[in-house]
Every structure is written in structure tokens, then in C-alpha cells.
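Participant: So in my numbering, spot 145 of the sequence shown is number 367, and the numbers just go up one at a time. Using N, Cα and C, we set each Cβ at its ideal position, and we do this for glycine too. There's a structure below that I have some questions on.
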Amino acid sequence: MKTRKGYKTYPLTVAQKFHNYYAQYCPGKEILNVGTSLTIEFELNLDELRKAIYKAYDRCESMRARLAYDRKEKEWYQYIAEKEDREIEFVDFSDKTMEEAEAEMTAWTRIPFDKEDEPMNRVVMIKTPDGFEGMFIAGDHRFLDAQSLIGFLKDVIELYCSANFEGIPYPADMRSYTEQVEKDLAYEAGSKAQARDRAYFRKLIEESEPIYNGIEGLGKLEEARAATGNPALRAAPTGSDSFAAAIDIFHLEEEPTRRLMTFCEQQHVSLQCLLIMGIRTCLQKLNHCDDVSMQVAYARRATLQEKKSGGTRIHCFPFRTNIPEDKTFLEGIHEIRDKQNEVFRYVNFNPAEYLNYRSQFYNPPRGMGYETISLTYQPATLREKGLTDLGGIRYKTKRYCNGYYSDGLYLTVMHRPEDNGLDFSFEHQTKAYSREQLEYFYYYICKVMFKGTETPNLRIGDIIKLV
């Protein structure tokens, strides 16, 4: 397919195809949806806000993306519409409760974007029962991830402020989505970089088989061993037989969050490394096993072009560490930092190819795997270089669940706009995990991180005993 409705078409990238891969197994296509609201404690001029939204659409190609299916090739393609001129509606929730308003926005999040030649997102201007005003956005994950979502919301607010307040500069231009797509497709078309990355990951896979570690201990692995009659089995079911999902969020206050961030600054490690250390040490404690694997999401937005081109760029890979208990907490986190820095160089590779090759190499029973949890840390916030100009005006963000999740457990850690504290957002299959189980696990992650950052030269084994 060369063109569609006069527009140049492009194949989907590996990051986009990955979403198609898991969606085919789910009963509802809304599994691909992400939904968020941003509201401000300020009376907005709706006409001006609508103008800012349209201008942000003009500036961001990926928000004007459309899908087209080539029936002869049996492949999906994408193209960019010239203009986004559909109506931007306004919904006033003032006469409802906050629970009713959030229920309606959750319902909006569960409407799939699965039609050809139609917009892949929806923006609604809203007023919430607490008097805050702003917008709700739902979009298809094939064209929107956390960082591009934040980028679009920031652009709308900066455009609005620039047009309506003195001294607020016009925001810098976005970058071309299609140029970035062409770069990604060139990498995927048998490039030397792709061959190098494939060799790296295959060597990593072939070294030895990982082992499953559960958030409640050895139970699932022992059950899988009994069911298969294989006492040496290293894989177990990572989810349930139902895609039905919920999101449970636990809040870490501003002051303890600041203590963790200060430690990271002093030790020259990222908060992502500290989170990995906290999670893997909990799993190490609960499973009596030094060899721990988890899935880690990589945003792949190192360059300005990648940061400001929108779309979806997340690749998720297993991250395995084997850190004995006689090492100190600091030694462990430095080992994670060094390993993360190494992996970053190869993460343009196709995660589906990685997982397929590993599955062929070790042949675990169908429906079983090694990673009990996936982690995304989202450092980008609306506070950065833009909304700081709003002074003391309060604002809020809220995530909405699409109702489905393809695997057992996905933890997203983000900074709250109100106070820069951390929200631990566990998206999970409701049949696989309860809120109580996740709260218990969150409690131990925090205990490990705080004990480790307060006494970084303590051995991991001693920390495990103390928490």
C-alpha cells in the first residue's frame, strides 16, 4: 500500500506491532486504549482551550494518525491526516459526584479505536465536580504512550498560556513523527545495528534459563512443577485465564519520595535502578532465590527527535539479575545500573523476536513464563519546563482503566503533579491478584528501598532479615 486517500502510508513499527500481537488474544480491542485526564484549579476560556487543542493537533503528526488495512497483503498501514477538524466537545460534571464523573471517563476509555480512516484518539474538555477544569484524552496505545501523552498535554497548556497570559513564550516546535517512523523502519529492514542487537540478546538468552519468582513466594512455581511432573521446571503461569483487569494505586508521600531521589542523586543512579533493586530484592526474599527476572519497559526517547515526535516507542525486555545476599545494597544497585546502561544500547531490537527465540530455546510449557511483573518508571512530568510557569495553580492527573490487561501484573511508577510524590500504579488481572496482595507487595518494596538507602553498605541478606 503506497498511498491512502492521497496520503503516503507507512508500515507499522515493531513497537506498534507488539500491541497488535497481544490484542489478538483479548476479547475486547479496548485493551489497546489509554485514558487520562488533566484538570487545573482555574477557570479556563473554553474557546481559547479549544483553539489550543486544535493547534496542538496541527503540531503533532502522531495525533492525526489513521490506520488502513491492506486486504491483499493482510497488513496494517498508517498515514497522517492533514488536519484534525472534528468537534472538541465540552462536558460539565458539576452536578455529579467525583465517582460518577470518573465512571463516565472510564467508560470513554473503554471505547475502542479500531476503525480504518478514523481518528485514533479523543479529546474532551471537562469541568469536574471539585471545580477543576481541563481535558480528558483517550488514545490507542499504537500511537500514544506515557511520554507522548504528557508531551501533548503540555503542548496544549503551553499554547493556551502563551496565547492568554503575558510573558509566557510560545512553545518550541514538535518533531516529525513520520521522519522517526522512517528511521525505525530503516533499522528494522536488516540494518547492521539490528544484527548487532540480535547477536547481543541471543547470547544473553543462551547463557542459561531464567527462573520464575512470584510476588507471594514459591507457590505458583511449585504448583506448575506438580502439574507437569517436572521438579526442575523453571517457568510458571504469569497471569490468569481472564483478561479482566483493574488498576490499584498506592501513594508514597512527598517527603519519603524526596529521600529516595536524594539517594539516587548522591549515588549517581536513576530511580528506575532503585525501583528494580527494591522489587528484585523483595522477590529474592519471598522466593529464597538470588536469580530474579522481571520485565522492564524502555521508552527509547534519548534524542530530542525521539522525545518530541510523539507516537509509541516503548520496548519491553526481561531484565535478569543474580545478586547474592552477601553483597551490599549499594553493590547490588551499582550492578543494576551498569547492566541497565549496557542493555540501553540494544533496546531498539524487536521484543517479540526476543521472547519467541527464548521460548523456542527453552520450550517452557504453553502459557508459562519467567517474569511475574513488568515495570515502567515515568520520569517525565507536567511540572518540567512548562507548567512551572503557572505558579501556584494546582492541577491533577488521573489514569483510567480500559478493563483489560494481557498479562498478570504491570507496575507503573509516576510522579504526582500535586506534590511530586510517587504513585505506584498496579495494573493487574483481577483473577490473578487482589488489591490486598498488591498492597502487601508494595509495602515490602518500600521497606527494602528505605532500609537500603538508609544503610547502603548493609548486606542484602541482612536487609532481607530486617524487613
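(1) Looking only at its chain, what residues have a beta carbon closer than 7 Å to the beta carbon of R535, apart from the 5 residues adjacent to it on each side?
(2) Considering only DSSP beta bridges, list what C538 is partnered with.
(3) Let me know the secondary structure DSSP gives N386 once reduced to three states.
(4) Mark Q506 as exposed unless 16 or more other C-beta atoms lie within 10 angstroms of its C-beta, in which case mark it buried.
(5) What three-state label does DSSP hand M357 in the structure shown?
(6) Any idea what DSSP makes of P334, helix, strand or coil?
(7) Within the continuous alpha helix (DSSP H) that includes D406, where are the two ends?
(8) Count the C-beta pairs between the segment 461 to 475 and the segment 632 to 646 that are closer than 8 Å, then say yes if the count reaches three, no if not.
(9) In whole angstroms, what separates the C-alpha of R657 from that of Y291?
(10) Compare the beta carbon distance of K349 and S384 with 8 Å and say whether it is the shorter of the two.
(11) Is DSSP giving Y632 helix, strand or coil here?
(12) Would you give the residue range spanned by the alpha helix (DSSP H) that V670 belongs to?
(13) Could you tell me if A417 is buried or exposed, where buried requires 16 or more neighbouring beta carbons within 10 angstroms of its beta carbon?
(14) Spatial neighbours of L440 within its chain, please: CB distance less than 6 Å, with the 5 preceding and 5 following residues excluded, ordered by chain position.
(15) So I302 and V345 are supposed to be a Cβ contact under 8 Å. How far apart are they, rounded?
(16) Who are G436's beta bridge partners in DSSP?
(17) When you compare the CB positions of V256 and G356, do they come within less than 8 Å of one another, or not?
(18) Among E340, F312 and F485, which residue has its Cα nearest to the Cα of L268?
(19) Return the bridge partner residues of T225 from the DSSP annotation.
(20) Is DSSP giving M590 helix, strand or coil here?
(21) My assumption, with CB atoms under 8 Å, is that L443 sits in contact with A458. Please give the rounded CB distance.
(22) Assign F583 to buried or exposed, taking buried as 16 or more other Cβ atoms, counted over all protein chains shown, within 10 Å of its Cβ.
(23) What are the boundary residues of the beta strand (DSSP E) that Q651 is part of?
(24) Is it the case that the Cβ atoms of K251 and R397 are separated by a distance below 8 Å?
(25) If you check the beta carbons only, do A408 and K653 fall under 8 Å apart?
(26) With a Cβ-Cβ cutoff of 8 Å, do P233 and E297 count as a contact?
(27) Counting only the same chain and skipping the five closest in sequence on each side, list residues whose C-beta sits under 7 Å from that of L688.
(28) Here's the rule I'm using: 16 or more other beta-carbon atoms within 10 Å means buried, otherwise exposed. How should D419 be labelled?
(29) Cα-Cα, which of L526, A421, T677 and T543 is closest to E196?
(30) Give me the residue from T598, T594, E640 and K273 with the minimum Cα distance to I615.
(31) Using C-beta distances below 8 Å, list every residue in its chain close to S462, excluding the 5 sequence neighbours before and after it, in chain order.
(32) Would you check if the distance between the CB atom of L438 and the CB atom of Q600 is smaller than 8 Å?
(33) Over what stretch of residues does the alpha helix (DSSP H) that includes Y584 continue unbroken?
(34) If you follow the beta strand (DSSP E) that H473 is in, where does it begin and where does it stop?
(35) Per DSSP, which one or two residues make a beta bridge with A458?
(36) My assumption, with CB atoms under 8 Å, is that M285 sits in contact with F374. Please give the rounded CB distance.
Facilitator: With the structure as the only source:
(1) Here residue 535 refers to the residue found at position 313 when the sequence shown is read from its first residue. A237, D367, A521, R522, R523 and E528.
(2) Working through the sequence shown from its first residue, we reach residue 538 at position 316. Note: C538 sits in a beta bridge opposite A519.
(3) By one-based count along the sequence shown, residue 386 stands at place 164. Of the three classes helix, strand and coil, the one that applies to N386 here is helix, per DSSP.
(4) Residue 506 sits at position 284 when you count from the first residue of the sequence shown. Buried, since its Cβ has 16 or more Cβ neighbours within 10 Å.
(5) Start at 1 with the first residue of the sequence shown, and residue 357 comes out as number 135. Of the three classes helix, strand and coil, the one that applies to M357 here is strand, per DSSP.
(6) Position 112 of the sequence shown, counted from the start, is the residue given in the question as residue 334. Of the three classes helix, strand and coil, the one that applies to P334 here is coil, per DSSP.
(7) As a first step, residue 406 must be located in the sequence shown, where it is residue number 184. Unbroken alpha helix (DSSP H) run through D406: Y399 to E410.
(8) yes
(9) Stepping through the sequence shown from its first residue, residue 657 is reached at position 435. Stepping through the sequence shown from its first residue, residue 291 is reached at position 69. Those two C-alpha atoms are separated by around 40 Å.
(10) Taking the first residue of the sequence shown as position 1, residue 349 is located at position 127. Taking the first residue of the sequence shown as position 1, residue 384 is located at position 162. In this structure, S384 does not lie closer than 8 Å to K349 by Cβ.
(11) Translated into positions along the sequence shown, residue 632 becomes position 410. In this structure, Y632 counts as strand in the three-state DSSP scheme.
(12) Counting from 1 along the sequence shown, the entry for residue 670 is found at position 448. Its alpha helix (DSSP H) spans residues R657 to E676.
(13) Taking the sequence shown and counting its residues from 1, one reaches residue 417 at position 195. Per the 10 Å Cβ criterion, exposed.
(14) For the purposes of this step, residue 440 is taken as the residue at position 218 of the sequence shown. Excluding sequence neighbours, L440 sits near N509.
(15) By 1-based counting over the sequence shown, the position of residue 302 is 80. By 1-based counting over the sequence shown, the position of residue 345 is 123. Incorrect: roughly 17 Å between the Cβ atoms, too far for contact.
(16) Locating residue 436 in the sequence shown gives position 214, counting from the first residue. DSSP output for G436 lists G439 as bridge partner(s).
(17) What you label residue 256 is simply residue 34 of the sequence shown in a count that begins at 1. What you label residue 356 is simply residue 134 of the sequence shown in a count that begins at 1. The answer is no: Cβ separation not under 8 Å.
(18) Residue numbering aside, residue 268 sits at position 46 when the sequence shown is read from its first letter. Ranking the options by Cα distance to L268, first place goes to F312.
(19) If you number the sequence shown from 1, residue 225 lands on position 3. Paired residues: K230.
(20) The residue labelled residue 590 in the question sits at position 368 within the sequence shown. In the structure shown, M590 sits in a strand (DSSP, three-state: E or B).
(21) Looking up residue 443 in the sequence shown gives position 221. Looking up residue 458 in the sequence shown gives position 236. Indeed they touch by this definition, with Cβ atoms about 5 Å apart.
(22) Position 361 of the sequence shown, counted from the start, is the residue given in the question as residue 583. So F583 ends up on the exposed side.
(23) Here residue 651 corresponds to residue number 429 of the sequence shown, with the count starting at 1. Per DSSP, Q651 belongs to the beta strand (DSSP E) from L644 to Q651.
(24) Here residue 251 refers to the residue found at position 29 of the sequence shown. Here residue 397 refers to the residue found at position 175 of the sequence shown. Going by C-beta atoms, K251 is not nearer than 8 Å to R397.
(25) What you label residue 408 is simply residue 186 of the sequence shown in a count that begins at 1. What you label residue 653 is simply residue 431 of the sequence shown in a count that begins at 1. Going by C-beta atoms, A408 is not nearer than 8 Å to K653.
(26) Taking the sequence shown and counting its residues from 1, one reaches residue 233 at position 11. Taking the sequence shown and counting its residues from 1, one reaches residue 297 at position 75. Their beta carbons are under 8 Å apart, which means P233 touches E297 by this criterion.
(27) Sequence index remark: in the sequence shown, residue 688 carries index 466 (1-based). Counting only Cβ-Cβ distances below 7 Å, and skipping sequence neighbours, we find K673.
(28) What you label residue 419 is simply residue 197 of the sequence shown in a count that begins at 1. Burial call: buried.
(29) Beyond the ends of the chain as shown, which are 223 and 689, falls residue 196; an answer cannot be given.
(30) To locate residue 615, count along the sequence shown from 1; it is residue 393. The residue with the shortest Cα to Cα distance from I615 is E640.
(31) The residue you call residue 462 lines up with position 240 of the sequence shown. G630, Q651, K653 and A654, listed in sequence order.
(32) By 1-based counting over the sequence shown, the position of residue 438 is 216. By 1-based counting over the sequence shown, the position of residue 600 is 378. At residue 438 the sequence reads Glu, which differs from the Leu that was named. The answer is no: Cβ separation not under 8 Å.
(33) Position 362 of the sequence shown, counted from the first residue, corresponds to residue 584. P573 to Y584 is the span of the alpha helix (DSSP H), which, as asked, contains Y584.
(34) Sequence index remark: in the sequence shown, residue 473 carries index 251 (1-based). Element bounds for H473: A467 to L474.
(35) As a position in the sequence shown, residue 458 is number 236, starting the count at 1. Answer is G591, bridged to A458.
(36) By one-based count along the sequence shown, residue 285 stands at place 63. By one-based count along the sequence shown, residue 374 stands at place 152. Indeed, because the Cβ distance is near 6 Å, the residues count as touching under 8 Å.
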